[in-house]
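Report on the structure given below.
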Amino acid sequence: MPGTELFGEDERREVMEVLETGILFRYGHDELRRDRWKAREMEACVRDYTGAPHALAVSSGSTAVACALAAAGIGHGDEVIVPPFTYLATIEAVLLAGGLPVFAEIDDTLCLDASGIEAALTPDTKAVLLVHMCGAAADMDPILELCRERDLVLIEDAGQALGAWYHGRSVGLFGVTGAFSFDFFKITTAGEGGVFVTSDEARYRLADSYADHGHDHVGSNRGMENHPIIGFNYRISELHAAIGLAQMRRLEAVRSANRSNKAVLRDRISDLSGLSFRRIPDPDGDSGTFLDLLLPDRPTAELAVESLRAADVPGINYWFTNMYHFINQWDHVKNLDSAAPLAIHSLGAPQDYRALELPRSQDVVGRLISIGIGCSWETGRTERIADDLRAALARVLG
Ligand SMILES: Cc1ncc(COP(=O)(O)O)c(C=O)c1O
Numbered sequence: 000m001p002g003t004e005l006f007g008e009d010e011r012r013e014v015m016e017v018l019e020t021g022i023l024f025r026y027g028h029d030e031l032r033r034d035r036w037k038a039r040e041m042e043a044c045v046r047d048y049t050g051a052p053h054a055l056a057v058s059s060g061s062t063a064v065a066c067a068l069a070a071a072g073i074g075h076g077d078e079v080i081v082p083p084f085t086y087l088a089t090i091e092a093v094l095l096a097g098g099l100p101v102f103a104e105i106d107d108t109l110c111l112d113a114s115g116i117e118a119a120l121t122p123d124t125k126a127v128l129l130v131h132m133c134g135a136a137a138d139m140d141p142i143l144e145l146c147r148e149r150d151l152v153l154i155e156d157a158g159q160a161l162g163a164w165y166h167g168r169s170v171g172l173f174g175v176t177g178a179f180s181f182d183f184f185k186i187t188t189a190g191e192g193g194v195f196v197t198s199d200e201a202r203y204r205l206a207d208s209y210a211d212h213g214h215d216h217v218g219s220n221r222g223m224e225n226h227p228i229i230g231f232n233y234r235i236s237e238l239h240a241a242i243g244l245a246q247m248r249r250l251e252a253v254r255s256a257n258r259s260n261k262a263v264l265r266d267r268i269s270d271l272s273g274l275s276f277r278r279i280p281d282p283d284g285d286s287g288t289f290l291d292l293l294l295p296d297r298p299t300a301e302l303a304v305e306s307l308r309a310a311d312v313p314g315i316n317y318w319f320t321n322m323y324h325f326i327n328q329w330d331h332v333k334n335l336d337s338a339a340p341l342a343i344h345s346l347g348a349p350q351d352y353r354a355l356e357l358p359r360s361q362d363v364v365g366r367l368i369s370i371g372i373g374c375s376w377e378t379g380r381t382e383r384i385a386d387d388l389r390a391a392l393a394r395v396l397g
């Protein structure tokens with residue numbers, strides 16, 4: 000959990016600055032806040048780091064995805080292509096927007112790829128919600144070409160991928176809108192938080208209003224602001240933004256430590272026969288949060304997980320059986336169980352989710368083991384983990 004590994008004086012100072020004024024709200028109260036605007040500063044840091052022309056800090060990565068969908072014009076009855084390997088928030092956001100998720104295959108990049116998207120297209124497909132999984136970018140060029148050719152709206156859920164780039168461009172900026180998460184488990188954390196990004200000022204304005212009950216944020220009297228659209232409360236608090244801001248300043252150092260620790264682990268095992276790695280189309284753009292191993296088949300992967308756990312290798316994730324990240328465990332989604340009726344209940348699902356076959360995704364995720372990389376590991380610790388990793392995998396791979 001890179002962000003929280005480096006949590007210290009800067010975070011405390013930023014939070015104290017908010018507590019000293021008592022202005023926990025991100026808008027207004029100009030005379031009391033002593034010019035402390037943590038959400039605004041966090042947004043400026045995200046703009047500076049990613050190059051995004053517009054950034055809006057919100058209450059979570061999930062609400063950032065909701066803003067990305069809304070500001071991209073996705074709503075009632077729109078078919079949106081999604082991956083079966085992601086965090087549940089991606090799918091929930093489409094359903095709660097009134098959209099209809101259409102699952103497509105991922106490939107060995109762990110993300111949707113152009114061929115998987117193309118195979119899932121229907122005459123009603125409106126958008127692709129691309130997820131950059133495990134800290135690295137999808138294979139963007141073919142995806143961008145397909146979206147252009149087929150007139151698809153591209154939206155990026157970069158919840159797990161702040162600090163990931165594709166040939167010099169930050170994830171989140173390829174689509175019309177994008178979203179980052181700052182939850183407790185991310186490369187930078189705010190405790191809870193997220194950031195919406197876009198290059199399009201009109202879409203930024205929409206998200207800015209949508210995330211705050213439709214307020215237009217014009218003028219200095221909040222009570223008298225106009226409401227051009229219906230929105231909801233997705234605001235971030237100044238306390239969370241204060242932490243997110245301090246963490247943004249650490250991002251490049253965290254990324255660089257991740258990458259060098261990951262390289263040590265990877266180099267130590269790269270000659271093991273039968274082992275391969277997740278394909279990263281732009282290796283220089285990897286944020287380094289995970290080392291993703293691909294074993295020859297699922298039974299071998301299951302044995303490897305046991306061996307790695309027995310050897311106390313830290314940060315082992317086997318997503319195939321994890322309850323959050325892979326479609327096999329999402330019975331409630333397949334059954335469309337929800338607290339209140341959704342558009343999909345009246346319109347019908349675009350696919351029979353219970354009978355859905357995604358053999359390529361099943362194969363890739365069944366063979367995948369992701370190792371969370373620590374950014375605070377010292378050289379000796381990284382070396383020991385690399386040794387243990389090699390020994391544990393060698394016991395299985397022979
Ligand atoms: C791909 C992806 N999207 C969205 C989210 C939701 O972010 P949050 O937990 O900040 O709501 C996550 C969280 O793990 C995620 O991994």
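First residue of the sequence shown? That's 0 in numbering that gives the first Met the number 0, and the numbers climb one at a time after it. Note that CB positions come from ideal geometry on N, CA and C, so glycine has one too. It should be emphasised that the depicted structure is a prediction, and the values quoted were computed from it without experimental measurement.
Where residue i falls, given that 16 or more other Cβ within 10 Å makes a residue buried
i      : result
Phe84  : buried
Thr197 : buried
Leu18  : exposed
Arg25  : buried
Val217 : exposed
Asn220 : exposed
Ser306 : buried
Gly134 : buried
Gly158 : buried
Gly74  : exposed
Pro82  : buried
Pro400 : The shown model of the chain, from 0 to 397, leaves out residue 400, and the question about it has no answer.
Asn327 : buried
His331 : exposed
Gly167 : exposed
Ala252 : exposed
Tyr86  : buried
Thr188 : buried
Phe289 : buried
Cβ-based neighbour list, residue i, same chain, cut-off 8 Å, excluding 5 preceding and 5 following
i      : result
Pro298 : none
Gly21  : Leu31
Opposing strand residues paired with residue i [DSSP bridges]
i      : result
Arg234 : Val57
Arg168 : Tyr165
Gly177 : Glu155 and Val196
Pro100 : Val79
Phe84  : Phe325
Leu292 : Phe276 and Ile368
Asn316 : Ser369
Gly190 : Asp182
Chain-order list of residues whose beta-carbon lies under 6 Å from that of residue i (same chain, five-residue window excluded)
i      : result
Asp77  : Gly98 and Lys125
Trp164 : Gly284
Leu205 : Ala70
Lys333 : Tyr352 and Arg353
Closer than 7 Å: residue i CB and nearest ligand 2 heavy atom
i      : result
Gln361 : The ligand content of the structure shown is limited to ligand 1, which means ligand 2 is not among them.
Span of the alpha helix (DSSP H) around residue i
i      : result
Asp386 : Thr378 to Leu396
Pro282 : Run containing Pro282: none; DSSP gives neither H nor E here.
Gly115 : Ala113 to Ala119
Leu302 : Arg297 to Ala309
Ser345 : Ala342 to Leu346
Residue from the options with nearest C-alpha to residue i
i      : options                           : result
Arg389 : Tyr48, Asn316, Leu129 and Ala310  : Ala310
Lys185 : Arg380, Thr381, Thr378 and Gly373 : Gly373
Leu94  : Val363, Ile343, Leu396 and Leu367 : Ile343
Leu274 : Val263, Arg380, Ala300 and Pro280 : Ala300
Gly177 : Gly7, Ala56 and Val101            : Ala56
Ser59  : Asn316, Ile235 and Arg46          : Ile235
Asn232 : Ser208, Ser169 and Ser255         : Ser208
Lys37  : Thr49, Met15, Thr3 and Gly50      : Met15
Leu293 : Asp29, Met247, Leu367 and Asp336  : Leu367
Start and end residues, beta strand (DSSP E) containing residue i
i      : result
Glu78  : Glu78 to Val81
Ala126 : Thr124 to Val130
Contact set for residue i: own chain, Cβ-Cβ below 7 Å, skip 5 residues either direction
i      : result
Thr89  : Val64, Val81, Leu128, Val130 and Asp156
Phe325 : Pro83, Phe84, Trp318, Phe319 and Val364
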